[in-house]
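Here the sequence shown stands for residues 3 to 349, numbered as in our numbering.
Ideal Cβ positions, reconstructed from N, Cα and C, are used throughout, including at glycine.
Heads up, the thing below is written out as structure tokens.
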Amino acid sequence: MRSRKLRVGMIGAGGISHLHCQGWSRLKGCELVAVSDIDRAAAARRAEEFDIPDVEPTAKKLIARRDIDVVDIVVPNRFHRPYAVAALEARKHVYCEKPLAVTRKDVEMMMQAAKAARRKLMAAQHMRFQADTMALKEYITRHPLGRIYYARAWYNRRRQLPVRPGFLRRRLSGGGCCVDVGVHVLDTALHLMDNFSPVSVLGVCGTHLARRPDAWSEWGAYDKKSVDVEDFAAGFVRFADGAALTLECSFMLNQKAAYEPRIDLFGTAAGAKWPDCEIYTTTSRDFVDTKIELRPGDQPHQAAIRAFAEAVCGNRPVPVPPAQTLAVTAVLEGLYRSQRLGREVKL
């Protein structure tokens, strides 16, 4: 780490900002120095909670501060790109809540700004830093599954619809379950597959339950009339090497589990299941099943922020490369386009 602390400014003081603030405040080499939100009272509460010295009246003023090294962006998805580009142009490193952006064009603009400024840019894909993900990734790197020719990935909830407008209104979020939970499990699947070369997607999505008069969410009341994002999506993705993946995500699905994230990988040498961390293969005539016994690890958001800070201070590549995030974004954007056109689309 550098001789002085890495100074961080945060744009956004909503729910997930608590975990971001917690992550930064627990790093000895980092210091939260300012926070800004259009809801000044929310920013003030977050500043008091984490002893952040300054509450800036606007994101523009926060970005302009010369004493800030990193800008952490925790605002509705549609505002990620403009704030990130502005921060990068001001020569700040940028750590941004997922999704990095909701279109491939926006991600490309952010990447170009990072390259021009010679600054780091990373999406907060914290599921890569879960103990189960890290353990399974390490295992299959050491003991390859062979050619992974097929994968299944899903993140389905039963009645856990986010109730804030930032999640339910497309003008703010850019999408529904695809860009909220789908982005997590898709990124994790491609990371485990080590395959970021999708070439086409066939997808469907729609709002099937959220606007029903009898609909409800475990997370509170919401305005049903204002919901204009999908509550379910599914897709079939093809890759350049011939591999394929099926994706499902939902906020409201009539299933038994309250929520269920899962990834199955099928290779020519073995298969694997996440988050159970199980490996399946055979001998010449029998089945061999292996389970990784996990040891406790860091809280995933904390681990992701630490990894980003170390990349900044050590001038090393970030552990979630924007080029990989671009591939994830292309798939999700393509799924929406496939739904509109009613056919498979090239990426």
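For L138, which residues of its own chain have a beta-carbon under 7 Å away from its beta-carbon, when the five flanking residues on both sides are left out? For the purposes of this step, residue 138 is taken as the residue at position 136 of the sequence shown. The beta carbon of L138 sits closer than 7 Å to the beta carbons of L194, A274, W276, C279, I294 from its chain, once the five residues preceding and following it are set aside; these are given in chain order.
As assigned by DSSP and simplified to three states, the class of A329: Within the sequence shown, numbered from 1, the residue matching residue 329 stands at position 327. In this structure, A329 counts as helix in the three-state DSSP scheme.
Residue interval of the alpha helix (DSSP H) (run including H128): Taking the sequence shown and counting its residues from 1, one reaches residue 128 at position 126. H128 -> no alpha helix (DSSP H), and no H or E assigned at all.
Which same chain residues, not among the five before or five after R28, have their C-beta less than 7 Å away from its C-beta? Counted from its first residue, the sequence shown places residue 28 at position 26. Q304.
Per DSSP, what kind of secondary structure is N317 in: helix, strand or coil? Indexing the sequence shown from 1 puts residue 317 at position 315. Coil, per DSSP.
Once you ignore the five residues that flank T327 on each side, which residues in its own chain have a CB closer than 7 Å to its CB? Taking the sequence shown and counting its residues from 1, the one referred to as residue 327 is at position 325. Cβ within range, chain order: L102, V109, A125.
Secondary structure of C179, DSSP reduced to three states: Numbered from 1 along the sequence shown, position 177 holds the residue referred to as residue 179. Here C179 sits in helix by DSSP.
Where the alpha helix (DSSP H) through H145 begins and ends: As a position in the sequence shown, residue 145 is number 143, starting the count at 1. Element bounds for H145: n/a, residue is neither H nor E.
Using three-state DSSP, classify Y157 as helix, strand or coil. On the sequence shown, residue 157 is found 155 positions in, with the first residue counted as 1. In the structure shown, the three-state DSSP call for Y157 is strand.
Roughly how many whole angstroms lie between the Cα atoms of I40 and G11? Within the sequence shown, numbered from 1, the residue matching residue 40 stands at position 38. Within the sequence shown, numbered from 1, the residue matching residue 11 stands at position 9. Taking the CA atoms as reference points, I40 sits about 15 Å from G11.
Could you check if V290 is buried or exposed, using at least 16 other CB atoms within 10 Å of its CB as the buried criterion? Within the sequence shown, residue 290 is the residue found at index 288, counting from 1. Exposed.
Could you give the distance in angstroms between the alpha-carbon of I13 and the alpha-carbon of E335? On the sequence shown, position 11 is the one that residue 13 refers to. On the sequence shown, position 333 is the one that residue 335 refers to. Straight-line Cα distance between these residues: approximately 25 Å.
What three-state label does DSSP hand F198 in the structure shown? Mapped onto the sequence shown, residue 198 falls at position 196. Of the three classes helix, strand and coil, the one that applies to F198 here is coil, per DSSP.
Comparing alpha-carbon positions, which option in R83, N79, A325 lies nearest P200? Taking the first residue of the sequence shown as position 1, residue 200 is located at position 198. If we check each option's Cα against that of P200, A325 comes out closest.
Determine, using beta carbons only, whether Y224 and L267 come nearer to each other than 8 Å. The residue given as residue 224 occupies position 222 in the sequence shown. The residue given as residue 267 occupies position 265 in the sequence shown. Result no, Cβ atoms of Y224 and L267 do not sit closer than 8 Å.
Within 10 Å of its beta-carbon, does T331 have 16 or more other beta-carbons around it, so buried, or fewer, so exposed? Translated into positions along the sequence shown, residue 331 becomes position 329. Label assigned to T331: buried.
Relative to the C-alpha of R166, which residue among A306, L174, C98 is closest? Taking the sequence shown and counting its residues from 1, the one referred to as residue 166 is at position 164. Out of A306, L174, C98, L174 has the C-alpha closest to the C-alpha of R166.
Count the other CB atoms, across all protein chains shown, that sit within 10 Å of the CB of S228; report buried if there are 16 or more and exposed otherwise. Translated into positions along the sequence shown, residue 228 becomes position 226. So S228 counts as exposed.
Are there 16 or more other CB atoms within 10 angstroms of the CB of K30, so buried, or fewer, so exposed? Counted from its first residue, the sequence shown places residue 30 at position 28. Residue burial annotation: K30 is exposed, with fewer than 16 other C-beta atoms found within 10 angstroms of its C-beta.
Is the beta carbon of A86 less than 8 Å from the beta carbon of L123? Position 84 of the sequence shown, counted from the start, is the residue given in the question as residue 86. Position 121 of the sequence shown, counted from the start, is the residue given in the question as residue 123. Yes.
Own chain residues within Cβ distance below 7 Å of A49, not counting five before or after: Numbered from its first residue, the sequence shown carries residue 49 at position 47. If we look at A49 and ignore the five residues flanking it on each side, its Cβ neighbours are V37, V57.
Just to confirm, is the Cβ distance from A66 to A45 under 8 Å? By one-based count along the sequence shown, residue 66 stands at place 64. By one-based count along the sequence shown, residue 45 stands at place 43. At a Cβ-Cβ threshold of 8 Å, A66 and A45 do not count as neighbours.
Which residue wins for smallest C-alpha separation from M113, given the options R47, H95, G208, H128? Here residue 113 refers to the residue found at position 111 of the sequence shown. H95 is the residue among R47, H95, G208, H128 whose C-alpha sits nearest the C-alpha of M113.
Closest residue to R297 among R80, V76, K348, T135 (Cα-Cα distance): As a position in the sequence shown, residue 297 is number 295, starting the count at 1. If you compare the alpha carbons of R80, V76, K348, T135 with that of R297, the shortest gap goes to T135.
Within the segment 64-120, note down every full beta strand (DSSP E) run reaching 3 residues or more, in order along the chain. 72-75, 95-99, all fully within the segment 64-120.
Anticipated Cβ contact below 8 Å, C179 with F234, distance rounded: On the sequence shown, position 177 is the one that residue 179 refers to. On the sequence shown, position 232 is the one that residue 234 refers to. 7 Å between Cβ atoms; contact.
Terminal residues of the continuous alpha helix (DSSP H) containing E50? To locate residue 50, count along the sequence shown from 1; it is residue 48. In the DSSP assignment, E50 falls within the alpha helix (DSSP H) that extends over 42-52.
In the DSSP assignment, the beta strand (DSSP E) including S38 goes from what residue to what residue? Here residue 38 refers to the residue found at position 36 when the sequence shown is read from its first residue. Counting along the chain, the unbroken beta strand (DSSP E) around S38 starts and ends at 32-38.
Taking its Cβ as the centre, do 16 or more other Cβ atoms sit within 10 Å of M53, making it buried, or is it exposed? Your numbering for residue 53 matches position 51 in the sequence shown. This sequence places Asp at residue 53; Met is not what is there. With fewer than 16 Cβ atoms within 10 Å of its Cβ, D53 is classed as exposed.
Extent of the continuous beta strand (DSSP E) to which S27 belongs: By 1-based counting over the sequence shown, the position of residue 27 is 25. Premise fails: S27 lies in the alpha helix (DSSP H), 19-27, not in any beta strand (DSSP E).
Euclidean distance between Cα positions of E262 and L249: Residue numbering aside, residue 262 sits at position 260 when the sequence shown is read from its first letter. Residue numbering aside, residue 249 sits at position 247 when the sequence shown is read from its first letter. Between the alpha carbons of E262 and L249 lies a distance of about 13 Å.
Can you give me the C-alpha to C-alpha distance between P302 and H128, rounded to a whole angstrom? Residue numbering aside, residue 302 sits at position 300 when the sequence shown is read from its first letter. Residue numbering aside, residue 128 sits at position 126 when the sequence shown is read from its first letter. If I take the Cα positions, the gap works out to 5 Å.
Take the Cβ of K100 as the centre, count every other Cβ of all protein chains shown within 10 Å, and call the residue buried at 16 or more, exposed below. What you label residue 100 is simply residue 98 of the sequence shown in a count that begins at 1. The Cβ neighbour count for K100, taken over all protein chains shown within 10 Å, is at least 16; the residue is labelled buried.
Check this for me: beta carbons of I281 and T270, under 8 Å apart or not? Stepping through the sequence shown from its first residue, residue 281 is reached at position 279. Stepping through the sequence shown from its first residue, residue 270 is reached at position 268. With respect to T270, I281 sits apart: the two C-beta atoms are not nearer than 8 Å.
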